[in-house]
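Residue numbers (full-length UniProt numbering): 1 to 526.
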Ligand code: G4P
């Protein structure tokens, strides 16, 4: 066990964050560059390599290889400049946003990657809103400046107009695309050269007025004058660098660069590590806070993933440690059941490998091998005080299918697969009141496809899915339920906890129901 001072030191080195972006903005590329700095991978695989099979370390699922998208989140841990970094990867595709939202509950800050040519795209906007809601610091990397991009001033304005966050440009591109000369680093008072003639001198220091030395040929270049004009404009009309606003998520430091050519990434990472917060307090359901340096251990399960390694059909519960220290073999209380359990089978994630973790502290993510004890959102803790962390966000599904096993003789693997994938939160499961048929609910179609694929590949169960299309899901109080309320315009089902809900054909059907049963309250969430 660590002394309080050792615990404090360890927790203060932790930086736990997620990268949020729209697909294709460059999240995988920048993650790889960071892993490279951390020395955990030796070669940055480009996405081209990823497509040819040497895919990014975080994309381990077969389906991801096939589709080239990140379906589930994973965790990568590495050390850099005295900090221990936990990057939580998130699926980019919007159909998996629920998974991403849960992951964002487990981080202390976020890195937002934006494609410089495209600006803010829909998925970035959605994920940003979650981070904003949590009030966590957000650091922005505007990528792909090795190609023609939009005007930097435009991009900055877009951050403020579309996302409503103040921004501070930490650096400023000198040209762009083929004409990218370098980055004017306002923060470190230097110019980083895109193509240094002498590799050992990639930076030119700036004088107190922000000028490069008079003998530098760039000084006479019109592109340099343009840059100085823009930087002047930022100095005069832009926001000030304000650490407290960064900490509360009101202001985002913005870095321009190119992940692919590894230009600007290292400065970004180093500055980020300086200003990103160490683990902070977490709220409980009854509005109390749990401090990371508390002597008692606590954490919550934000993700469950079955079959991460096809060679060992295992299931892992990912736990964000919120306070204290984890020691392998320790006994904790599982809040939902009130039962004590021993945590002896634990793992941590070092980029491409997993190894048994003996100790970990607040801020870290550990994986617990799970035999079905855990559910998403579970809190675990030591000590006498009951701890139940805030609920994780849940989406109300909008798309539904009826599902059955193709081969009726293979019910066992069908049920096992459904059970496990539902516990992971991959899809939602309902059963009809009338016949007990299984109905799956999802936010997006791709979730069903992944479900079908995984049922076959991981559980050897071929499933048939009959699309039911879009429905409006509304829960009702069981005391008000009369099965006769079900009609041809809705399906009466139970959720996994046995709570009744109607799946209405459309808004009209819901309104019709409301006018027929004005006293029955319909709820979009439980
Ligand atoms: P994602 O994880 O956010 O989805 O993005 P990813 O890193 O996979 O990058 C998407 C594409 O953008 C990749 O091209 C990648 O090489 C490219 N890319 C990433 N960062 C940069 C950058 O800084 N500059 C440029 N020019 N490209 C960048 P791809 O899928 O291989 O497509 P293609 O280039 O082969 O057509």
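From the three backbone atoms N, C-alpha and C, an ideal C-beta is built for every residue, glycine too.
Open item on the list: Could you give the first and the last residue of the continuous alpha helix (DSSP H) run that contains residue 235?
Closed with: Here residue 235 refers to the residue found at position 235 of the chain shown. From DSSP, the alpha helix (DSSP H) with residue 235 extends over 222–237.
TODO: Determine the extent of the beta strand (DSSP E) in which residue 315 is found, giving its start and end residues.
DONE: Taking the first residue of the chain shown as 1, we reach residue 315 at position 315. Taken as a continuous stretch (DSSP letters only), the beta strand (DSSP E) holding residue 315 covers 315–323.
Open item on the list: Any contact between the stretch 139–149 and the stretch 208–223? By contact I mean 3 or more CB pairs, one from each, below 8 Å.
Closed with: no
- [ ] Return the chain-ordered list of same chain residues with a C-beta closer than 6 Å to the C-beta of residue 46, the five sequence neighbours on each side being excluded.
- [x] Translated into positions along the chain shown, residue 46 becomes position 46. Since pLDDT at residue 46 reaches only 39, below the 50 mark, its modelled position is unreliable, and the value read off the structure follows with that caveat. Excluding sequence neighbours, residue 46 sits near nothing in its chain.
- [ ] May I ask which residues mark the beginning and end of the beta strand (DSSP E) holding residue 340?
- [x] Here residue 340 refers to the residue found at position 340 of the chain shown. It spans 339–343 - the beta strand (DSSP E) in which residue 340 sits, taken as one unbroken run.
Open item on the list: By alpha-carbon positions, which one of 126, 150, 280 ends up nearest to residue 162?
Closed with: Here residue 162 refers to the residue found at position 162 when the chain shown is read from its first residue. Answer by Cα proximity: 126.
TODO: Thinking residue 543 and residue 443 are a contact (beta carbons under 8 Å), I'd like their distance in whole angstroms, please.
DONE: Nothing in the structure corresponds to residue 543, since the chain is present only between 1 and 526.
Open item on the list: Just verifying my parser: in three-state terms, what is the DSSP assignment at residue 517?
Closed with: In the chain shown, counting from the first residue as 1, residue 517 sits at position 517. Residue 517 falls in the coil class under three-state DSSP.
Open item on the list: Using only CA atoms, which one of 195, 223, 228 lies nearest to residue 206?
Closed with: Residue mapping note: residue 206 aligns to position 206 of the chain shown, counting from 1. Nearest option by C-alpha distance: 228.
Task: Candidates 393, 392, 378, of which the one nearest residue 386 by Cα - done: Numbered from 1 along the chain shown, position 386 holds the residue referred to as residue 386. Of 393, 392, 378, the residue nearest in Cα terms is 378.
TODO: Mark residue 484 as exposed unless 16 or more other C-beta atoms lie within 10 angstroms of its C-beta, in which case mark it buried.
DONE: Against the chain shown, residue 484 aligns to sequence position 484. Under this definition residue 484 is an exposed residue.
Task: DSSP three-state assignment for residue 4, whether helix, strand or coil - done: One-based indexing of the chain shown puts residue 4 at position 4. It is helical.
Open item on the list: Extract the residue ranges of the beta strand (DSSP E) inside the stretch 401–468, only unbroken runs of 3 or more that lie entirely within it.
Closed with: 428–432, 438–442
TODO: Spell out the partners DSSP gives residue 138 in its beta bridges.
DONE: Your numbering for residue 138 matches position 138 in the chain shown. Per DSSP, 110.
- [ ] Would you check if there are 3 or more beta carbon pairs closer than 8 Å linking the stretch 141–160 to the stretch 237–254?
- [x] yes
TODO: Could you tell me if the beta carbon of residue 273 falls within a distance shorter than 8 Å of some heavy atom in ligand 1?
DONE: Taking the chain shown and counting its residues from 1, one reaches residue 273 at position 273. False, no ligand heavy atom lies under 8 Å from that Cβ.
TODO: Below 8 Å on the Cβ atoms is my guess for residue 166 versus residue 266; work out the distance and round it to an integer in Å.
DONE: Here residue 166 refers to the residue found at position 166 of the chain shown. Here residue 266 refers to the residue found at position 266 of the chain shown. In fact, because the Cβ distance is near 25 Å, the residues do not count as touching under 8 Å.
Open item on the list: Please report the straight-line C-alpha distance between residue 380 and residue 299, rounded to a whole angstrom.
Closed with: Within the chain shown, numbered from 1, the residue matching residue 380 stands at position 380. Within the chain shown, numbered from 1, the residue matching residue 299 stands at position 299. Roughly 5 Å between the two C-alpha positions.
TODO: Compute the Euclidean distance between the alpha carbons of residue 439 and residue 305, then round it to the nearest angstrom.
DONE: Translated into the one-based positions of the chain shown, residue 439 becomes position 439. Translated into the one-based positions of the chain shown, residue 305 becomes position 305. So the alpha carbons of these two residues sit roughly 22 Å apart.
Task: According to DSSP, residues forming a beta bridge with residue 205 - done: Stepping through the chain shown from its first residue, residue 205 is reached at position 205. Note: residue 205 sits in a beta bridge opposite 190.
TODO: With distances taken Cα to Cα, identify the nearest neighbour of residue 82 among 184, 273, 452, 151.
DONE: For the purposes of this step, residue 82 is taken as residue 82 along the chain shown, with counting starting at 1. Nearest C-alpha to residue 82: 273.
- [ ] Could you spell out where the alpha helix (DSSP H) holding residue 473 opens and where it closes?
- [x] Residue 473 sits at position 473 when you count from the first residue of the chain shown. Looking at the DSSP string, residue 473 is not in any alpha helix (DSSP H); the run it does join, the beta strand (DSSP E), is 472–476.
TODO: Have a look at residue 29 and residue 261 and give me their C-alpha separation to the nearest angstrom.
DONE: To locate residue 29, count along the chain shown from 1; it is residue 29. To locate residue 261, count along the chain shown from 1; it is residue 261. Going from the Cα of residue 29 to the Cα of residue 261 covers about 10 Å.
Task: Best match in 186, 211, 176, 158 for proximity to residue 194 [C-alpha to C-alpha] - done: Here residue 194 refers to the residue found at position 194 when the chain shown is read from its first residue. Of the listed residues, the one whose Cα sits closest to residue 194 is 176.
Open item on the list: Using only CA atoms, which one of 185, 417, 476, 470 lies nearest to residue 450?
Closed with: Taking the first residue of the chain shown as position 1, residue 450 is located at position 450. Closest by alpha carbon: 417.
Task: Backbone secondary structure at residue 506 - three-state DSSP - done: Position 506 of the chain shown, counted from the start, is the residue given in the question as residue 506. DSSP places residue 506 in coil when its eight states are reduced to three.
- [ ] Could you tell me the distance, in whole angstroms, from the CA atom of residue 362 to the CA atom of residue 248?
- [x] Along the chain shown, one-based indexing puts residue 362 at 362. Along the chain shown, one-based indexing puts residue 248 at 248. Roughly 20 Å between the two C-alpha positions.
Task: CB of residue 420 within 9 Å of CB of residue 459, strictly - done: The sequence position of residue 420 within the chain shown is 420, counting from 1. The sequence position of residue 459 within the chain shown is 459, counting from 1. In this structure, residue 459 lies closer than 9 Å to residue 420 by Cβ.
Open item on the list: For residue 472, tell me which candidate among 464, 507, 461, 495 has the shortest Cα-Cα distance.
Closed with: Against the chain shown, residue 472 aligns to sequence position 472. Ranking 464, 507, 461, 495 by Cα distance to residue 472 puts 507 first.
TODO: Report yes or no: do three or more beta-carbon pairs, one from the stretch 10–24 and one from the stretch 100–115, lie closer than 8 Å?
DONE: yes
TODO: Please indicate yes or no: does the CB of residue 147 lie closer than 8 Å to some heavy atom of ligand 1?
DONE: To locate residue 147, count along the chain shown from 1; it is residue 147. At least one heavy atom of ligand 1 is nearer than 8 Å to the Cβ of residue 147, so yes.
Task: Range of the contiguous alpha helix (DSSP H) that encloses residue 292 - done: Here residue 292 corresponds to residue number 292 of the chain shown, with the count starting at 1. Premise fails: residue 292 is in no alpha helix (DSSP H) and is neither H nor E.
Open item on the list: Three or more C-beta pairs under 8 Å: does that hold for the stretch 1–13 against the stretch 321–331?
Closed with: yes
Open item on the list: Suppose you measure from the CA of residue 59 to the CA of residue 476; what does that come to, to the nearest Å?
Closed with: By 1-based counting over the chain shown, the position of residue 59 is 59. By 1-based counting over the chain shown, the position of residue 476 is 476. Confidence at residue 59 is low in this model, with a pLDDT of 43, below 50, so its placement is unreliable and no value can be given for it.
Task: Contact check, residue 395 vs residue 101, beta carbons under 9 Å - done: As a first step, residue 395 is located in the chain shown; it is residue number 395 there, counting from the start. As a first step, residue 101 is located in the chain shown; it is residue number 101 there, counting from the start. Yes, Cβ-Cβ distance for residue 395 and residue 101 is below 9 Å.
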